[in-house]
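*Asks:*
In my numbering, the protein residues as written are 1 to 164.
See below:
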């Protein structure tokens with residue numbers, strides 16, 4: 001029995017589809033493999049932006065920004081990073097704050113608290129409390145002396161009135 005022309009075309013069509021799919025998918029696979037194996041200096045690690053005759057280079061992995069210029073050859077210098085300057089200033093101020101707290105703690109070992117939560121010198125508080133206590137004692141003593149003086153004045157007046 002002879003082969004019909006449709007049966008002959010079926011394997012040919014299948015081969016054409018396989019060839020077309022291979023041609024389409026091979027460049028995609030090759031592109032992906034080359035993108036993964038690209039060195040750090042190529043395609044993606046650094047981005048360049050023109051700025052006033054120079055270029056700004058951004059390292060996309062670290063975030064470091066450099067200014068690149070062509071003066072006797074290309075030279076890139078790291079741009080000042082305000083964030084790192086702020087972080088170092090914050091660290092310095094925190095260390096100074098801790099040092100001052102430690103000094104205050106050394107002066108005030110009992111840890112008396114001021115109304116705003118800070119520590120105040122215990123010596124001043126102790127002196128004030130001592131003065132208040134001494135003042136109350138002095139007032140009580142003056143009160144007793146005054147009462148005795150009035151008693152004595154009353155006795156003297158009584159004796160004088162008896163003699164008259």
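All residues carry an ideal CB built from backbone N, CA and C; glycine is no exception.
(1) Can you look up residue 45 in the DSSP assignment and give me helix, strand or coil?
(2) Any heavy atom of the ligand FAD within a distance shorter than 8 Å of the CB on residue 50?
(3) Over the uninterrupted alpha helix (DSSP H) stretch that includes residue 54, give me the two end residues.
(4) Provide the residue span of the beta strand (DSSP E) that contains residue 70, from first to last.
(5) From residue 161 to residue 137, what distance separates their C-alpha atoms?
(6) Is there contact between the region 64-72 and the region 82-101, where contact requires at least three CB pairs shorter than 8 Å?
(7) Identify every residue that forms a DSSP beta bridge with residue 146.
(8) Alpha carbon to alpha carbon, how far is residue 131 from residue 163?
(9) Would you tell me roughly how many angstroms separate the C-alpha atoms of residue 81 and residue 54, rounded to the nearest one?
(10) Distance, Cα to Cα, residue 62 vs residue 52?
*Replies:* Answer, in terms of the structure:
(1) Collapsing the DSSP output to three states places residue 45 in coil.
(2) This structure lacks the ligand FAD; in fact it carries no ligand of any kind.
(3) Unbroken run through residue 54 is the beta strand (DSSP E), 54-59; no alpha helix (DSSP H).
(4) Residue 70 -> beta strand (DSSP E) spans 65-70.
(5) Here the alpha carbon of residue 161 sits roughly 36 Å from the alpha carbon of residue 137.
(6) Taking a cut-off of 8 Å for Cβ pairs, the region 64-72 and the region 82-101 do not touch, as fewer than three such pairs fall below it.
(7) None; residue 146 has no bridge partner.
(8) Straight-line Cα distance between these residues: approximately 48 Å.
(9) The alpha-carbon atoms of residue 81 and residue 54 are separated by roughly 18 Å.
(10) Roughly 24 Å separates the two Cα atoms.
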